[in-house]
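Counting with mature numbering (1 follows the signal peptide of the UniProt record, and there is no 0), you get residues -34 to -1, 1 to 487 for the letters of the sequence shown.
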Amino acid sequence: MHTRALHAGSRKVAWIGLGIALCAALLTSTAAHAIGGKPALDRDTVVFAVGKDINNLDAQVAATGDSQRYGWQLFDSLYAFDIDGNLKPSVATGVKIAPDGLQYTFTLRSDVKFHNGAKLTARDVKYSLERIVAPETKSTRRPYFANLVDRVDAPNDTTVVFHLKRQDGAFLNKIAGYLLLVPKAYTEGLASPEAFARAPVGSGPYKFVEQKSGQSVTLERSDGYWGAKPGIKRLVFKVIPEASSRINALLNGEVDAIDYVPSVDVARLKANAGLTVKSVPVGSPLAVRLYSNVPGTPLSKREVRLALNYALDTKAIIGQALHGVGAQMSSYVSSSYPYGVDRTLKPYPYDPAQAKKLLAQGGYPNGFTTDLLCPTDNPKELCEVIAAYWSAVGVKTNVKVIDYAAWSRLNNTHKGGPMTMMQFSNAIYDPVHPISGAATKDGTWSDYFNPEVEKLVAQGDAATSREQRDEIFKKIGRLLHDDGHAVLITELYYTFAQDVKLNWEPQHGSGYYNLRSLSWK
């Protein structure tokens, strides 16, 4: 399931190792001479150390945790996102949307070629969507198109028409985020859908060279790429799961850049003149999911849900437990989204007296006892800090640490109640993604119902303009805030460290890596 993967794609974020496996003592300081403009291999190559293995190179199938690293390097889409998440034409030069919102007609570039030399045409676009929808492909993107797209027509090489079953104002965003294009003739000629992952062919700025399972993936610049070409010839993803080992590899000059820098190490690495360290939001809230639709329980009361928010000093939690790598949230819609963010809305203040008052108004003047599931991708100490704050207002919370895989099965089937830590990533830069998934009646990760939110989400389905969607999701964000939909902890950040002479700006507001502009100064 794709969004389950989204959680996995964003779980080892900048606070990995938060106080429980501090790696500072393991780091070497004598090898700092190896950075500062001295490439790990040569000036034609960038070695990028990643904390997660790349298990599946078929970006139409792979979980986002895999594809967010290599997907945008190997593959193109009709539309793409700029660094701030705004839509821009890519393989398509433009789109016409029918007045009823049920037909999208794309005009394609005529100069795009796949890495095997085949010309990209409308037939490949049509095939790419149909391959995602086909059950035998086992695509993690299938849920976003199977019940939405009626059919795709390719009347000529440069025109492709999507016919929708219903209106979807976020369809262009889904096209940009999920519909990565593959060559029809090549892919159909393979023995099985799984074979593509062993020899992927796309039309992006890099082409596949080699994968060493559990060790590395090597890409090479595609000199036939239609757009701006990377400033390097080779990109090597080196898999180094341990944060301390990644940092040592960077300081030793074995790699040129790393991801998932633990928050405890950010300040120290920033002090190194040979490095550039950047923490960027990934459009993902870290929040406590509340099972509020169970009648007769404390969490079914709005006052109780609000009390849990007022009882937390999130500013202190971010400053101390997360070493300042984070940001308070005022809504389940991350502030890094390009629209739909009500910037007049403020985070809940820390007010334990107000929390106690609200508990009494909700019928629990002496508090209550509850459980909090804490999956192992979250540090236990963070869950315990939250429980300690709640205990101070009378809410006794039993923290139950659970293996991530087991937690995921519970979380995906509405069995993780009464409350659980949860994250929700940004994959398409449209707020409907977290809202529909975590705040609607039928949301896969939602145990919450608000009829006003349902009405607004339905309005959003029919709204294709950015201005309309901006207003709709601002209203939804305020409704969720005022109703205590979730307990908001922090915005999540990815922190990267790189050689100071390496040109690269991480994507803002998304877990996807855009390495198309890599170069050495």
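Beta carbons are placed, not taken as given, at the ideal position from N, Cα and C, and that holds for glycine.
Opposite residue i in the DSSP bridges: which residues?
i, result
"MET295", "DSSP lists no partner for MET295."
"ASN122", "THR125"
"THR73", "GLY60, THR125"
"SER182", "LYS178, LYS204"
"ILE224", "ALA15, ALA463"
"THR379", "BP columns for THR379 are empty, so no partner."
"ALA452", "ARG255"
"LYS85", "LYS79"
"ARG187", "TYR172"
"ARG107", "ARG107 pairs with nothing; no bridge assigned."
"GLU418", "Note: GLU418 sits in no beta bridge, so no partner."
"GLU457", "PRO251, ALA293"
On the three-state DSSP scale, how would you describe residue i?
i, result
"GLN473", "coil"
"VAL423", "helix"
"SER169", "coil"
"LYS467", "coil"
"LEU265", "helix"
"GLN133", "coil"
"ASP90", "helix"
"ALA(-21)", "A caution first: ALA(-21) carries a pLDDT of 38, below 50, which makes its placement in the model unreliable, though a value can still be read off. Coil, per DSSP."
"TRP411", "coil"
"ASP396", "coil"
"LEU(-13)", "Bear in mind that a pLDDT of 37 at LEU(-13), under 50, signals an unreliable position, so the number given afterwards is only what the model happens to contain. Coil at LEU(-13), not helix or strand."
"ASP231", "helix"
"SER483", "coil"
"LEU272", "helix"
"VAL115", "strand"
"LEU95", "helix"
"TYR478", "coil"
"MET(-34)", "Here MET(-34) scores only 36 on pLDDT, less than 50, and its place in the model should not be relied on; the value that follows carries that caveat. Three-state result, MET(-34): coil."
"LYS281", "helix"
"GLY37", "helix"
"ALA142", "helix"
"GLN26", "coil"
"LYS236", "helix"
"GLY403", "helix"
"PRO196", "coil"
"residue 500", "Residue 500 is absent from the model: the chain starts at -34 and stops at 487."
"ALA428", "helix"
"ALA287", "helix"
"ALA(-27)", "No answer about ALA(-27) holds up, because its pLDDT of 33 lies below 50 and its placement is not dependable."
"THR(-7)", "Confidence is the limiting factor: at THR(-7) the pLDDT is only 37, short of 50, which leaves the residue's position unreliable, though a coordinate-based value still follows. It is coil, neither helix nor strand."
How is the alpha helix (DSSP H) around residue i delimited, first residue to last?
i, result
"LEU446", "432 to 449"
"GLY249", "Per DSSP, GLY249 belongs to no alpha helix (DSSP H); it is in the beta strand (DSSP E), 241 to 256."
"ALA151", "150 to 154"
"ASN214", "209 to 217"
"PHE162", "161 to 164"
For the beta strand (DSSP E) that contains residue i, what are its first and last residues?
i, result
"TYR45", "45 to 47"
"LYS54", "53 to 55"
"THR386", "385 to 389"
Am I right that residue i and residue j are in contact with their C-beta atoms under 8 Å? What's the rounded C-beta distance?
i, j, result
"VAL99", "ARG89", "Contact flag wrong, Cβ pair sits at about 16 Å."
"VAL299", "PRO397", "5 Å"
"residue 509", "PRO166", "Only positions -34 to 487 of the chain appear in the structure, and residue 509 is not among them; the question remains open."
"ALA84", "THR73", "Actually they are not in contact, since the Cβ atoms of ALA84 and THR73 sit about 20 Å apart, beyond 8 Å."
"LYS79", "SER169", "6 Å"
"ALA142", "LEU68", "Not quite, the Cβ-Cβ distance comes to about 19 Å (not below 8 Å), so this is no contact."
"SER250", "GLN473", "SER250 to GLN473, Cβ: 13 Å. No contact."
"LEU201", "ILE1", "Going by Cβ atoms, the distance from LEU201 to ILE1 rounds to 18 Å, so no, they are not a contact pair."
"TYR45", "LEU114", "The Cβ separation is near 16 Å, so there is no contact."
Fill in: Sequence ranges, alpha helix (DSSP H) only - wholly within the region 293 to 377, length at least 4
318 to 327, 346 to 357
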